[in-house]
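A short worksheet on the structure shown next.
Chains as they are written, first to last, in my numbering: chain Y, 1 to 368; chain H, 1001 to 1155.
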């Protein structure tokens, strides 16, 4: 496809090192003047062979590596790995551990969306929201550091529960954060949502048709912005999500503005879930006892979870020994990035920056 | 649709070719032969009662004497889930399922370069994750020897 360059067309390289490509991704743009004719993504700069390493570590030794698949929302990667192994070995998780897992997941969802919002606004030229978002994110990282000692790659969940209990100071501080965060989302909206420059750059840009999105296995906020109100926390409730009340935001026009609005609403809903979980967390154990030499039974399992970018799944084949036979990571960003060429034909080069940022793709998720 | 009805629908259309096997986390899982895979996938997607429109995961497992491809399919409308497996010899060829779901495009490129399988009629068979000048074999195979790669002893 890059061989046939027409008489007026030329190739521009948006190289692996670029401030707007959110990681190491190379985009080859075939342009006709300023209009884009085709985009070819070249990925693989961050390929660390996570799947090959998994065949060489025991199950518990692999847990810190799952953090690094998607380091901005590392709790989800831990959670889905634990879910898959617990399904296979039929381990029950105590209630307090489930509540703690939900609180950590939703706090991590807010933190990841704040990173996305800051960098998305920065790509479009709005510099102030970046610092506002990172100010809030510091408070969340303080809470997470109080729980497990780490700010970004947690290694917190274990098969059968979590590794450490919450400190007594955690719950009052978390309740304080929840009340502090509610007017902050309104602050970000006040800067961006009705700003004429922002609307001019995002309304009607980068439209993704729902049928094409389903065909390319796009999941998460990108799919919800096309109008399909699909969220695994409501459709296939895992953990204890069926006890909480929350809404699923969805868009109508499936442009960049809709994807932005869906994520803003998701931050509000995640805040709601954390508030409800903090009210009703019970006392109890935090982990069921598992044998030191952990050998799950022979078989295959597939588990999936609604992570910040979409559906994240683990396919594990076990042969009855302490080391997994095959671990396949189904990551959300890999499928979401494949739809970029379809979405960006016919737009100008400045729109590519907005479209790519609105997909919320993280490169370690793509390359593993 | 419940598990027995799904299995029955496939068995009616492809008699004697469907073999069930246990798979935790899915409603139903069965094996088919590798030359039928494109027809089975098209049938799974286009039949209104089945309606499997999401290809979530396409993985390849190396069992040393043969390789297996596993397709995990989900449905947005009916909310059921199945897994389809086919078995191939190493260095084998199989039809690409890109006509059914475009999501398979990038997944198949990854399997082709990491395991050494060939997908017939694939619209874009270029390597995706490994560098362009990679010539050291197929890394995800179980018998791949790379320098500094030390295997843990099995227990």
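Built from N, CA and C at the ideal position, the CB exists for glycine as well.
Only a predicted model underlies this, so the values are computations on that prediction, with no experimental measurement involved.
Euclidean distance between Cα positions of residue i and residue j
| i | j | result |
| --- | --- | --- |
| residue 202(Y) | residue 222(Y) | 14 angstroms |
| residue 1079(H) | residue 116(Y) | 30 angstroms |
| residue 113(Y) | residue 1008(H) | 44 angstroms |
| residue 1066(H) | residue 1140(H) | 14 angstroms |
| residue 1028(H) | residue 62(Y) | 29 angstroms |
| residue 1126(H) | residue 217(Y) | 20 angstroms |
| residue 86(Y) | residue 289(Y) | 12 angstroms |
| residue 91(Y) | residue 30(Y) | 52 angstroms |
| residue 1013(H) | residue 224(Y) | 34 angstroms |
| residue 102(Y) | residue 294(Y) | 25 angstroms |
| residue 178(Y) | residue 309(Y) | 22 angstroms |
| residue 312(Y) | residue 1016(H) | 34 angstroms |
| residue 331(Y) | residue 255(Y) | 23 angstroms |
| residue 246(Y) | residue 1038(H) | 40 angstroms |
| residue 1059(H) | residue 1114(H) | 11 angstroms |
| residue 156(Y) | residue 170(Y) | 16 angstroms |
| residue 283(Y) | residue 275(Y) | 17 angstroms |
| residue 1045(H) | residue 219(Y) | 18 angstroms |
| residue 370(Y) | residue 100(Y) | This structure cannot settle anything about residue 370(Y), because the visible part of chain Y is limited to 1 through 368. |
| residue 123(Y) | residue 44(Y) | 23 angstroms |
Cutoff 8 angstroms: residue i Cβ touching any chain H Cβ
| i | result |
| --- | --- |
| residue 234(Y) | no |
| residue 348(Y) | no |
| residue 334(Y) | yes |
| residue 320(Y) | no |
| residue 216(Y) | yes |
| residue 315(Y) | yes |
| residue 309(Y) | no |
| residue 187(Y) | no |
Bridge partners - residue i, DSSP secondary structure assignment
| i | result |
| --- | --- |
| residue 1131(H) | Beta-bridge pairing links residue 1131(H) to no other residue. |
| residue 1136(H) | In DSSP, residue 1136(H) forms no bridge with anything. |
| residue 71(Y) | Its beta-bridge partners do not exist; DSSP assigns none. |
| residue 14(Y) | 27(Y) |
| residue 1067(H) | 1062(H), 1088(H) |
| residue 36(Y) | 31(Y) |
| residue 1094(H) | 1119(H) |
| residue 1031(H) | 1019(H), 1085(H) |
| residue 9(Y) | 32(Y) |
| residue 161(Y) | 158(Y), 287(Y) |
Short CB-CB distance (under 8 angstroms) between residue i and chain Y
| i | result |
| --- | --- |
| residue 1055(H) | yes |
| residue 1128(H) | yes |
| residue 1115(H) | no |
| residue 1119(H) | no |
| residue 1191(H) | Not covered by the structure: residue 1191(H). The range shown for chain H is 1001 to 1155. |
| residue 1152(H) | yes |
| residue 1072(H) | yes |
8 angstroms Cβ cutoff, residue i in contact with chain B
| i | result |
| --- | --- |
| residue 1140(H) | The structure shown contains no chain B; the protein chains it does contain are Y and H. |
| task | Residues of the stretch 286 to 303 of chain Y with a CB closer than 9 angstroms to any CB of chain H: list them in chain order, please. | result | 293, 295, 299, 300, 301, 302, 303
| query | Between the stretch 70 to 95 of chain Y and chain H, which residues of the former have a C-beta closer than 8 angstroms to a C-beta of the latter? | reply | 84, 87, 88
| message | Please identify, using Cβ separations under 9 angstroms, the residues of the stretch 1020 to 1050 of chain H that lie next to chain Y, in order along the chain. | response | Of all residues in the stretch 1020 to 1050 of chain H, the ones placed with a Cβ closer than 9 angstroms to any Cβ belonging to chain Y are 1021, 1022, 1023, 1024, 1025, 1026, 1029, in chain order.
| field | Interface residues of the stretch 221 to 232 of chain Y facing chain H [CB-CB below 8 angstroms] | value | 228, 230
| field | Against chain Y: residues of the stretch 1079 to 1099 of chain H by CB proximity under 8 angstroms | value | 1079, 1083
| request: Could you pull out every unbroken alpha helix (DSSP H) segment of at least 4 residues lying fully inside the stretch 298 to 347 of chain Y, listed in chain order? | output: For the stretch 298 to 347 of chain Y, whole alpha helix (DSSP H) runs of length 4 or above, ordered along the chain, are 332 to 337, 340 to 344.
| request: Could you please tell me which residues of the stretch 1101 to 1114 of chain H, in chain order, have their CB closer than 7 angstroms to any CB of chain Y? | output: So the list reads 1101, 1102, 1103, 1105, 1106, given in the order they occur along the chain.
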